[in-house]
Structure formats: structure tokens, C-alpha cells
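Scroll down for the structure; my scribbles are underneath it.
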Amino acid sequence: MRTLSQGLFWILLVLSSAALGGLSSSLSTESLFVCNAGISHTDGESIAGSDSLVINYEDLGVPESSEARQRSNVLRVQFADAPKSQVAGGTELWLTQLGEIHFDLATEKYGTQYFIELCYRGPQKQMSEGPTPYDLSEGIYNLDLSVNIQESGGTGESYRSSASLQTSLETICDLRGRGARKNPRASDELGVSSVESDSWVISSPSSWNSSSLNFSVSLNDAFSAVPRFCRIRVSFQERATSALRNNALFPQEVNLFVNIQAD
Numbered sequence: 109m110r111t112l113s114q115g116l117f118w119i120l121l122v123l124s125s126a127a128l129g130g131l132s133s134s135l136s137t138e139s140l141f142v143c144n145a146g147i148s149h150t151d152g153e154s155i156a157g158s159d160s161l162v163i164n165y166e167d168l169g170v171p172e173s174s175e176a177r178q179r180s181n182v183l184r185v186q187f188a189d190a191p192k193s194q195v196a197g198g199t200e201l202w203l204t205q206l207g208e209i210h211f212d213l214a215t216e217k218y219g220t221q222y223f224i225e226l227c228y229r230g231p232q233k234q235m236s237e238g239p240t241p242y243d244l245s246e247g248i249y250n251l252d253l254s255v256n257i258q259e260s261g262g263t264g265e266s267y268r269s270s271a272s273l274q275t276s277l278e279t280i281c282d283l284r285g286r287g288a289r290k291n292p293r294a295s296d297e298l299g300v301s302s303v304e305s306d307s308w309v310i311s312s313p314s315s316w317n318s319s320s321l322n323f324s325v326s327l328n329d330a331f332s333a334v335p336r337f338c339r340i341r342v343s344f345q346e347r348a349t350s351a352l353r354n355n356a357l358f359p360q361e362v363n364l365f366v367n368i369q370a371d
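The sequence shown begins at 109 in our numbering and counts up by one.
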């Protein structure tokens with residue numbers, strides 16, 4: 109068993125939020141980073157207020173020496189004009205590395221849905237030395253993801269319970285030897301316009317009975333079917349759509365710990 113990628117990402121909700129990530133890897137050809145976030149509200153619902161997503165990010169397609177590499181954006185969702193909004197899509201995902209993320213939840217009622225998405229570039233083919241060389245990158249790739257909500261208020265009521273919060277995990281991976289793109293990821297292959305669903309897992313929404321949730325899934329089903337590109341989405345949904353939002357709650361901190369290892 110070898111650990112390939114691991115990262116700790118944290119998001120502050122304000123009912124505002126910030127997401128920062130770190131990565132350590134034993135295979136230098138892979139990477140894991142926050143590449144997308146989105147927010148929406150219950151379709152067709154007429155309520156007062158709006159929800160916002162404020163982000164600072166790096167445009168990886170711009171040289172590091174350029175001031176244009178560091179960017180920011182504000183996406184506002186109101187029930188009538190913009191029911192869904194996200195930062196990036198298509199090939200933009202692989203050129204967008206989010207730094208700070210702020211979810212500002214200011215609608216009168218609960219019902220907001222929001223997500224954080226991680227992009228994973230799988231390893232390139234790496235042959236071992238010796239008389240019988242083999243590909244070091246082959247194996248069964250397992251994802252372990254933990255979500256922790258730290259309550260920082262003194263009201264006696266938690267955000268996760270008052271909002272009837274549910275969380276789910278979705279992974280979709282483009283695998284070697286499957287679909288249209290069968291070859292190992294090349295060194296200059298940094299992203300794709302769409303990730304082929306050679307492996308696709310969606311968990312059932314989980315309710316928060318404690319301060320943390322844990323998810324474990326396999327990204328592939330065969331040693332040789334090494335992940336080339338994966339999208340990992342953690343979605344949150346406020347199910348208490350008829351309840352008024354409790355603005356007295358203190359800001360919440362959400363921690364994501366992501367670990368990808370090959371057996």
C-alpha cells in the first residue's frame with residue numbers, strides 16, 4: 109500500500125467560507141487541488157434574500173510572473189434570475205485552482221445547495237528498474253474523504269441540525285484502457301474537456317448525526333485501469349426548506365481531509 113495524494117482543505121461558511129489546500133505525494137506526476145465550487149437554491153422557490161459565492165483563484169493557464177494569474181469572482185444566486193451558479197466547467201476546471209472560497213448564505217429560508225469540487229490528475233506511467241520492470245503507478249486506487257463541521261457558536265443549536273443538512277460524495281474518473289482515451293496520461297496532458305465516466309460513484313445523501321462524516325470509495329476496479337483524471341464533488345443540501353434561516357448562528361468551519369492511496 110502506498111499513499112499517493114493527500115490534502116487537507118477547509119471551508120468557512122458564513123455562513124461564510126474559505127478553502128485552502130495542501131498536497132503531498134510520493135508520485136510527483138499527480139496532483140490534487142480544489143478546482144470548482146457552486147451554489148444554488150431550491151428551484152422555483154420564491155423567497156427573500158440571496159446567496160453568494162465569493163472566490164479567489166489562480167488561472168493556471170497564465171504565467172506565474174503575471175499579475176493576471178491571481179483572480180477573483182462573485183457569483184450571486186437569487187430565486188428568480190440565477191438558480192444555479194458555479195465557478196468553472198470543461199477544460200477550465202483543470203486551469204482553475206481555488207484559494208479562498210466564501211459561501212454567504214443570506215436567503216430568508218433554508219434550501220441552499222452548495223458544493224466543493226476537487227480535480228485529481230492521475231500519475232503518468234512510471235516503470236521500475238531491474239530485470240523485470242513493472243509500472244509503479246498501477247494498483248487499486250482508494251479514496252478516503254472525511255468531512256468535519258466545527259460549530260463555533262454558543263447558541264446551543266447547530267447549523268447542521270437546524271438546516272437538516274445532508275452531504276453526498278460523487279466521483280467520476282477517466283481510466284486507462286477504457287473509453288476513447290486509453291493511453292496513460294502524458295506529461296503535457298493537464299486536463300480534458302470532459303471526464304469520461306469509466307468509473308462513476310454517487311453516494312446516498314448522509315445526514316449529520318455527529319460532527320463528522322466519512323466516505324470511502326474505489327476510483328478503479330482493475331490494477332491496469334489507473335485513473336487518468338477524476339472529479340471529486342462534495343455536495344451539501346439544506347433540507348429544511350420551509351424553516352427560516354437562523355442568522356444568530358456563528359460562522360461554521362468545514363474541514364475536508366482527502367486521501368488517495370493505491371493498493
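Cβ coordinates follow ideal geometry from the N, Cα and C atoms, glycine included. Treat the numbers as computed from the prediction; the structure is a model and nothing was measured.
Q. Which whole runs of the beta strand (DSSP E) in the segment 298–366 are 3 residues long or more, in chain order?
A. 307–310, 320–326 and 335–346
(Q) For Ser318 and Val362, what's the separation of their Cα atoms in angstroms? (A) Position 210 of the sequence shown holds residue 318. Position 254 of the sequence shown holds residue 362. Taking the straight line joining both Cα atoms gives about 13 Å.
**Q.** Contained beta strand (DSSP E) runs [length at least 3] in the segment 146–231, N- to C-terminal order
**A.** 159–167, 178–185, 192–194, 204–213 and 220–229
Q) Does the segment 204–212 touch the segment 158–167, meaning 3 or more C-beta pairs lie closer than 8 Å? A) yes
Q. Secondary structure at Ser276, three-state DSSP: helix, strand or coil?
A. What you label residue 276 is simply residue 168 of the sequence shown in a count that begins at 1. Note: Ser276 maps to strand in three-state DSSP.
Q) Is Tyr249 helix, strand or coil by DSSP? A) If you number the sequence shown from 1, residue 249 lands on position 141. Here Tyr249 sits in strand by DSSP.
Q: Specify the secondary structure class of Ser266 as computed by DSSP and reduced to three states.
A: For this step, residue 266 is matched to residue 158 along the sequence shown. Residue state, collapsed to three classes: coil.
Q) Which partner residues of Leu283 appear in the DSSP bridge assignment? A) For the purposes of this step, residue 283 is taken as the residue at position 175 of the sequence shown. Leu283 is bridged by DSSP to Pro335.
**Q.** Distance between beta carbons of Arg339 and Ile280, contact taken as under 8 Å
**A.** Here residue 280 refers to the residue found at position 172 when the sequence shown is read from its first residue. Here residue 339 refers to the residue found at position 231 when the sequence shown is read from its first residue. About 5 Å separates the two Cβ atoms, so the contact holds.
(Q) Whether or not the segment 324–337 and the segment 215–224 are in contact is what I'm after, with contact meaning three or more pairs of Cβ atoms, one per stretch, closer than 8 Å; do they touch? (A) no
(Q) Distance check for Thr240 and Ile224, CA to CA, integer angstroms please. (A) Within the sequence shown, residue 224 is the residue found at index 116, counting from 1. Within the sequence shown, residue 240 is the residue found at index 132, counting from 1. Distance between the alpha carbons of Ile224 and Thr240 is about 42 Å.
**Q.** Residue of Asn355, Leu283 and Leu364 minimising C-alpha distance to Phe331
**A.** Position 223 of the sequence shown, counted from the first residue, corresponds to residue 331. Of the listed residues, the one whose Cα sits closest to Phe331 is Leu283.
Q. Excluding five sequence neighbours on each side, which residues of the same chain lie with their C-beta closer than 8 Å to the C-beta of Ala156?
A. As a first step, residue 156 is located in the sequence shown; it is residue number 48 there, counting from the start. Closer than 8 Å at Cβ, skipping near neighbours: Thr215 and Glu216.
Q.
Could you tell me the alpha carbon to alpha carbon distance between Arg347 and Ala196, rounded to whole angstroms?
A. Here residue 347 refers to the residue found at position 239 of the sequence shown. Here residue 196 refers to the residue found at position 88 of the sequence shown. Looking at the two C-alpha atoms, the distance is approximately 26 Å.
Q | Beta-carbon gap between Tyr228 and Leu140 smaller than 8 Å | A | Counting from one through the sequence shown, the residue named residue 228 turns up at place 120. Counting from one through the sequence shown, the residue named residue 140 turns up at place 32. Cβ atoms of Tyr228 and Leu140: closer than 8 Å.
(Q) If I measure Cβ to Cβ from Val300 and keep anything under 6 Å in the same chain, skipping five residues before and after, which residues do I get? (A) Stepping through the sequence shown from its first residue, residue 300 is reached at position 192. The beta carbon of Val300 sits closer than 6 Å to those of Phe337, all from its chain and outside the five residues before and after it, given in chain order.
**Q.** Local conformation of Ile257 per DSSP, three classes
**A.** As a working note, residue 257 is residue 149 in the sequence shown. Reduced to three states, the DSSP call for Ile257 is strand.
(Q) Only counting the same chain, and skipping five residues up and downstream in sequence, which positions put a Cβ closer than 6 Å to that of Val309? (A) Start at 1 with the first residue of the sequence shown, and residue 309 comes out as number 201. Hits under 6 Å: Thr279 and Val325.
Q. Which word fits Gly230, buried or exposed, when buried means at least 16 other C-beta atoms lie within 10 angstroms of its C-beta?
A. Start at 1 with the first residue of the sequence shown, and residue 230 comes out as number 122. When all chains shown are included, Gly230 counts as buried.
(Q) What does the alpha-carbon distance come out to for the pair Leu277 and Leu364? (A) For the purposes of this step, residue 277 is taken as the residue at position 169 of the sequence shown. For the purposes of this step, residue 364 is taken as the residue at position 256 of the sequence shown. Going by the C-alpha atoms only, they are around 12 Å apart.
**Q.** Closest by C-alpha distance to Asp243, when choosing among Asp252, Lys233, Leu226 and Leu251
**A.** Residue mapping note: residue 243 aligns to position 135 of the sequence shown, counting from 1. With distances taken between Cα atoms, Asp243 lies closest to Lys233.
Q.
Taking the beta carbon of Asp296 as the centre, do at least 16 other beta carbons fall within 10 Å, making it buried, or is it exposed?
A. Here residue 296 corresponds to residue number 188 of the sequence shown, with the count starting at 1. Answer is exposed; the Cβ neighbour count stays below 16.
Q. Which same chain residues, not among the five before or five after Ser311, have their C-beta less than 8 Å away from its C-beta?
A. Translated into positions along the sequence shown, residue 311 becomes position 203. So the qualifying residues of the chain are Ser276, Leu277, Glu278, Phe323 and Val325.
Q. So, using beta-carbon positions, are Ser245 and Val170 closer together than 8 Å?
A. Numbered from its first residue, the sequence shown carries residue 245 at position 137. Numbered from its first residue, the sequence shown carries residue 170 at position 62. Result no, Cβ atoms of Ser245 and Val170 do not sit closer than 8 Å.
Q: Give me the Cβ distance between Glu265 and Ala288, rounded to the nearest whole Å; I'm assuming they're in contact under 8 Å.
A: Locating residue 265 in the sequence shown gives position 157, counting from the first residue. Locating residue 288 in the sequence shown gives position 180, counting from the first residue. Between Ala288 and Glu265 the Cβ distance is about 51 Å, and since that is not below 8 Å, they are no contact.
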